[in-house]
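Sequences listed follow chains A and B, in order.
Each residue of the first sequence is one higher than the one before, starting from 2 at the first, in the working numbering.
Each residue of the second sequence is one higher than the one before, starting from 2 at the first, in the working numbering.
Think of the CB as a built atom: it goes at the ideal place given N, C-alpha and C, for glycine as much as any other residue.
2 protein chains.
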Amino acid sequence: MEAHAKPDPPAAQLERRLYAEIPLTRHIGVRVGAYDRATLTLKAPLAANSNHKGTAFGGSLFSLAVLAGWGLLVLKLAARGLEAEIVIQDSEVDYVAPVHGDFSARATLPDGDEFDRFVRTLERRGRARVQVSVVVSHDGREAVRFKGNFAAVRPQEPSRVAIG
Amino acid sequence: MEAHAKPDPPAAQLERRLYAEIPLTRHIGVRVGAYDRATLTLKAPLAANSNHKGTAFGGSLFSLAVLAGWGLLVLKLAARGLEAEIVIQDSEVDYVAPVHGDFSARATLPDGDEFDRFVRTLERRGRARVQVSVVVSHDGREAVRFKGNFAAVRPQEPSRVAIG
C-alpha cells in the first residue's frame, strides 16, 4: 500500500488483465516476464500443468503460446495508441521435446516492415491480420514451436468478418 | 455407495484418469460424454473457459480438442488390449467461429484401414503415429477444426524417438 506508487508498467497491467478476463490463466499460473520492443515472454510452472507422464500438458503449452502472441499484440498496439480486439484465427504447433519443468513462451513480432503494414492496414481498414511466432522453452531448450495468425478489429468497425 | 455397483464403463474411467493425471482438466471442467466405436465427445462449460470477449478462450478450445483426440486413442487401444503411451506431436487448428456457450469436442478416428495400419505398426514396431480429427462445436454449430498427429509408444520399447 504505497501512497505514491509508480504507475504499473504495461507488462504488470497485462498480467492483471489476463487474470481478470481469462480465469483459466490463474489456474495455469501464467506470469508475465520480459517485454521489450519486439518480444514478450510469459512463464508457467510445471506443477499446475503436468500430464500423465509428469511433463507439461500439451494444452497448457499451447495456451501459454497463444497468450504470449495475443499479449504481445495487445501491448504493441496499446503502445501506438491503437485500440483493437485481437483474436486467434488459426495456428500450427509442433511439440519438439517434452517439458520436464517450469516453462516459458517467447512471442516475437514479424519483422518491422510486416508489422508496420499490419498497423497501417488496421488504421486504414479497421481490421488486419498478422502472424506471430512463439517458442516455448524449458531450461533454455526449445520444446514447442507455435505459429499463429491473429485478427485485429478496431471497436468502431462493424464486424463484417466472422472472426475465426 | 452401492454395494453391487457395476464396473465403471471406459468413459467414466477416462474422466477419473483425466482429473487424476492432468489437474488442469478439473479447472477446464472437462466431462466425458458419448463414446462409441469411432468417436469420443468431451464437454466443457463456458464459465470456466471464458476470455476477454466473453467467448471461449482459444487455449481451452485447443485443450478440449487435444484431450478428445488423446482420449479416443487411449480407449481404442485399451479395447484392443494394447498398452501404450500416447502423446501429441503436432497439430493444426482453425478457429472458424466464436463460441458463446458450453462446448463439446468430438474426436473421430481415421477410417478403418488407416487405424488398423496404425495398430499393426504399433504391435510390430512398438511405436506408431496416427492423425485424429476433432471438431469443437457449440449449440450444434462447428466452431473449431483440429487435426493432430499423435505418437504411441509401447512401454517395453526403449524410447528411440524423441517424442514431439
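C-beta neighbour in chain E for residue i, strict 9 Å
| i | result |
| --- | --- |
| LEU78 of chain B | You won't find chain E in this structure, because its protein chains are A and B. |
Supposed contact pair residue j and residue i - C-beta distance, whole angstroms, cut 8 Å
| i | j | result |
| --- | --- | --- |
| LEU83 of chain A | VAL120 of chain A | 7 Å |
| ILE29 of chain A | ASN52 of chain A | At roughly 13 Å, the Cβ-Cβ gap does not stay under 8 Å, so ILE29 of chain A and ASN52 of chain A are not in contact. |
Residue i: contacting residues in chain A (beta-carbon distance under 9 Å)
| i | result |
| --- | --- |
| HIS101 of chain B | By Cβ distance, chain A contributes nothing, its closest Cβ being about 12 Å from HIS101 of chain B, past 9 Å. |
| VAL67 of chain B | PHE58, GLY59, GLY60, PHE63 |
| SER92 of chain B | GLY59, PHE63, SER92, GLU93, VAL94, ASP95, TYR96 |
8 Å CB neighbourhood of residue i in its chain, flanking five on each side removed
| i | result |
| --- | --- |
| LEU68 of chain B | LEU19, ILE23, THR26, VAL31, LEU43, ALA106 |
| TYR96 of chain B | GLY59, LEU62, ALA144, VAL145 |
| LEU78 of chain B | GLU84, ALA85, ILE87, VAL120, LEU123, ALA153 |
| LYS54 of chain B | PRO99 |
| ARG81 of chain A | VAL120 |
| GLY127 of chain A | VAL154, ARG155, GLN157, GLU158 |
Neighbour list for residue i in chain A, Cβ cutoff strictly below 8 Å
| i | result |
| --- | --- |
| LYS54 of chain B | GLU86, VAL88 |
| ALA49 of chain B | PRO24, LEU25 |
Straight-line Cα distance separating residue j from residue i
| i | j | result |
| --- | --- | --- |
| ALA85 of chain B | THR122 of chain B | 12 Å |
| VAL135 of chain B | VAL135 of chain A | 23 Å |
| SER92 of chain A | ASP9 of chain A | 32 Å |
| ALA137 of chain A | PHE104 of chain A | Per the sequence presented here, residue 137 of chain A reads as Val, with Ala not at that position. Roughly 7 Å between the two C-alpha positions. |
| ASP117 of chain B | SER64 of chain B | 26 Å |
| ARG130 of chain B | PHE147 of chain B | 16 Å |
| ALA45 of chain A | ALA13 of chain A | 15 Å |
| GLU115 of chain A | ALA66 of chain A | 21 Å |
| VAL33 of chain A | ALA39 of chain A | 15 Å |
| ARG155 of chain A | ARG125 of chain A | 10 Å |
| GLY113 of chain B | ALA21 of chain B | 31 Å |
| VAL94 of chain B | ARG17 of chain A | 28 Å |
| ALA163 of chain B | LEU47 of chain A | Confidence at ALA163 of chain B is low in this model, with a pLDDT of 45, below 50, so the placement of that residue should be treated as unreliable; the coordinate-derived value is given next. Cα-Cα distance, rounded: 20 Å. |
Residues near residue i in its chain [Cβ-Cβ closer than 7 Å; skip 5 each side]
| i | result |
| --- | --- |
| HIS101 of chain B | THR56, HIS139 |
| LEU1 of chain A | Outside the shown range of chain A (2 to 165) lies residue 1 of chain A, about which nothing can therefore be said. |
| ARG142 of chain B | ALA98 |
Partner residues on chain B for residue i, Cβ-Cβ distance less than 8 Å
| i | result |
| --- | --- |
| ASP140 of chain A | None at all; the shortest Cβ gap to chain B is about 15 Å. |
Own chain, CB closer than 6 Å to residue i, minus 5 neighbours either side, in chain order
| i | result |
| --- | --- |
| GLY70 of chain A | ALA108, VAL133, VAL135, GLY149 |
| LEU110 of chain B | ALA39, PHE116 |
| GLN90 of chain A | ASN150, ALA152 |
Heavy atom of the ligand ADP within 8 Å of residue i beta-carbon
| i | result |
| --- | --- |
| GLU86 of chain A | No copy of the ligand ADP occurs in the structure displayed, which carries no ligand at all. |
Legend entry - Chain-ordered residues of the region 6-25 of chain B with a beta carbon less than 8 Å from chain A: If you check each beta-carbon in the region 6-25 of chain B against every beta-carbon of chain A, the ones closer than 8 Å belong to ARG18, GLU22, ILE23, PRO24, LEU25.
Inset, instruction - Name, going along the chain, the residues of the region 94-119 of chain A whose beta-carbon falls closer than 8 Å to a beta-carbon of chain B. - result: VAL94, ASP95, TYR96, VAL97, ALA98, PRO99
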